Structures are given as C-alpha cells and as structure tokens.
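Please read the structure below before turning to the comments.
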Amino acid sequence: MITGSLRRRAVAASALVLTGALALSACGDSNDSGDSGSAASNTSVDSKLAAMVPAAIKSDGKISIGTDASYPPNESVDPASQKIVGWDVDLFNAVAAKLGLKTQYSNAGFDTIIPGVQSGKYEAGVSSFTDTKEREQAVDFITYYSAGTSWAVLKGNPKGVNPDDACGKSIGVQQGTVQVDDLTARSKKCTDAGKPAIKSVVRKQQTEVNNDLVAGKVDGMAADSPIVGDAVKKTGGKLEIIGQTYDTAPYGYAVGKNSGQLKEAIQGALKALIADGTYKKILTDAGVETGAITEPKINGAQS
C-alpha cells in the first residue's frame, strides 16, 4: 500500500517539467460555463476579492481552465449538451462568479494540464488534482476537497477480490493516476511473497475502467472515492465497494507560480462559499459531501 498523501492522477516527476511538445499537446474542446448552474448564477461578486484578480485575467472577464473531463461525477462531458459538467465544475464556477469572472473550460489530457498552467495556456487547472509536494514545485494549489482511494468489484464480489491481497487478480485503473503506483507496490508485495503478481489493466479514461469492470473484463478497479461511489450508484447495483478508503488527501485547484494574488483570491472565494452554504449545497447535491473541508489552504499538501 502506498502511504502518505498521494492519491488521484499522479504524474511522474518528468511530466511536471514543462516542455514545448507537452504543453502544445494540451488540446481539446472548449466550452464557456460561467453562467451554468444555479450556484454560480446566484453567487454575488465580492469586490475586494475581485480586485485581487490579475489584470490579464480580468481584462476579458474570463478565466481559462484545463480539465480532463473523463472523471464523473467530478468532471465529465454531458452527452446531450456536450458541455463539461460535474460538481467540481459547479464549484469552480461559483468561485469564479465570486471573483466576477466567467469560466472557459478546455477538455485536455490530464498529464498536459499542469504544463499548460505553467506555460500560461490555462489560467487554472480544475481536474481533481491531488495537492502534493512534488506538484507544488511546478504550480500553486488551493485545496477544496478531501478524497481517498476506494476499490469496487462486481456485486457479490464473484472473483473474491481483497484490496490487501489482490495477488493474481486483474485490477483496472486510469493511466497517470496514483492508483497505478499503488497497484505496482501491492503487486511487488505479492511477488516478494512468492504469489502471482497483480495484473494492472491501465486505461486512458476512467469511464473505460468502469465499463471494463461492468463487462467483467477485470476483477476489480481502484480509483478516487467519489468516482468509485458514483460508478456504483450509476450502474444500477451491478457494482459494490469493498474494503476501506485509504490514502486520504486534498484536491487542489492549480494556478501558475507567477499569477500574483490569484491563489489568495480563489482561497477567499472558497472561504466565502463555505461560510454562506453554497459549498455544502454543491457537494450535497452531488452526493460527495463526505469529502467536504472547512478550511481551504494554499499549498496544503500533506507531508
């Protein structure tokens, strides 16, 4: 088991170093979502916080955001409208509204978002990033949620999967996530004990991992706790959660190191949304309120 604060969608250290090719690969569809959702539309502007927004962002009234919209219920593409939606999106829309801004989301490969923030391609990264010390070397984070790793299997656990002894089992995970590293460490324990290795079935998108499990192509899957909970809920009882959630750590919004007071403005907006109940309502409506925090922090990675 990986200990400490690492969790969702870890990227290798080399991926945090900005390269031109990687930054340019951060492409995808865009949509403006600043007016979507009642939370954002009902959020009043805080003039003091709005004054902290850098002029370059304030000039067009929008904040450009990179997100990997393959992680429901946090971020995903609505098949009907083709808009990027999710509680993570709703919450940041409310944050932006508090700052007098609209939001413009671009659907991008997860590993390209932090380099995109570094290069200025995006003014923020909103993609269920775990705030880690390694990532803080590349960008600044403002924490807004707490989640851990959970496992799911087909209802009744027909393959007898045990997260603490999954030797010889096939387990689905999304590429670039810390769950890949977690399975590697667990598999090594298996082989060191003379048992069969865990077969990690790595897919590009989390939705593919979910589908593999429902189809019986893998014995189980590991992902962030809200993602696993949503998959169980939306598959009509075909899946169930096993074991306990572990490696709980904070999600953070990513902003550039040279973004002035933007991180303080976002932190202030989150505090205001927590105080007025908007934050709790967004999380509760999405069924993810168990991960609510009470104090957003700047670069609050656990040591």
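Heads up: the sequence shown is residues -23 to -1, 1 to 280, going by mature numbering (1 follows the signal peptide of the UniProt record, and there is no 0).
All C-beta atoms, glycine included, are put in the ideal place defined by N, C-alpha and C.
What you are looking at is a predicted structure, and each value in this text was computed from that prediction instead of being measured.
Nearest neighbour of Asp45 by Cα position, chosen from Thr80, Ala71, Tyr82, Phe87, turns out to be Phe87. Taking the Cα of Phe69 as reference, the smallest distance to any Cα among Lys60, Gln114, Tyr121, Pro92 is reached at Tyr121.
Boundaries around Val205 are those of the alpha helix (DSSP H), 202 to 211, since no beta strand (DSSP E) includes it. Under the three-state reduction of DSSP, Ser58 is assigned to coil, being neither helix nor strand. The shortest CA-to-CA distance from Glu52 to any of Ser58, Lys60, Asp65, Gly43 is the one to Asp65. Counting C-beta atoms within 10 angstroms of its own C-beta, Gly171 has fewer than 16 neighbours from the protein chains shown and is therefore classed as exposed. The shortest C-alpha to C-alpha distance from Gln151 to any of Asp141, Asn187, Ile219 is the one to Asn187.
The beta carbon of Val30 is closer than 6 Å to those of Leu76, Ala242 in its chain, skipping five residues each way along the sequence.
Within the same chain, and ignoring the five residues on either side of Gln182 in sequence, the residues whose Cβ sits closer than 6 Å to its Cβ are Ser47. Counting C-beta atoms within 10 angstroms of its own C-beta, Thr20 has 16 or more neighbours from the protein chains shown and is therefore classed as buried. In the DSSP secondary-structure assignment, Val195 is not bridged to any residue. In this structure, the straight-line span from the alpha carbon of Lys39 to that of Gln238 is close to 16 Å.
Taking C-alpha positions only, Lys240 is separated from Thr80 by approximately 16 Å. Cβ neighbours of Lys215 within its own chain (closer than 8 Å, five residues either side excluded): Leu131, Lys132, Val191. Burial of Val209 is indicated by the presence of at least 16 other C-beta atoms within 10 angstroms of its C-beta. Secondary structure note for Phe118: its beta strand (DSSP E) is the uninterrupted segment 117 to 131. Here DSSP, grouped into helix, strand and coil, assigns Ala226 to strand. Only exposed fits Lys257, as fewer than 16 other CB atoms lie within 10 angstroms of its CB. Contact check for Lys146 and Val138: beta-carbon distance about 5 Å, within the 8 Å limit, so the pair qualifies.
Rounded to the nearest whole angstrom, the C-alpha separation of Ile251 and Gly206 is 23 Å. Gly197 places its beta carbon less than 8 Å from that of Ile148.
DSSP, reduced to helix, strand and coil, places Tyr48 within a strand of the structure shown.
For Tyr82, the closest alpha carbon among the candidates Ser104, Ala269, Ser123 is that of Ser104.
When DSSP states are grouped into helix, strand and coil, Ile275 belongs to the strand group. Counting along the chain, Gln81 sits inside the beta strand (DSSP E) bounded by residues 79 to 84.
Gly93: member of the alpha helix (DSSP H) spanning 87 to 96, first to last residue. Counting of Cβ neighbours within 10 angstroms places Thr126 among the buried residues, the total reaching 16 or more. Between the alpha carbons of Gly93 and Ser41 lies a distance of about 11 Å. In the DSSP assignment, Gln151 falls within the beta strand (DSSP E) that extends over 147 to 151. The secondary-structure analysis by DSSP pairs Thr107 across a beta bridge with Tyr228. Under DSSP, Lys176 forms a beta bridge with Ser147.
Using a 10 angstroms sphere on the CB of Ala57, the tally of other CB atoms stays under 16, which defines it as exposed.
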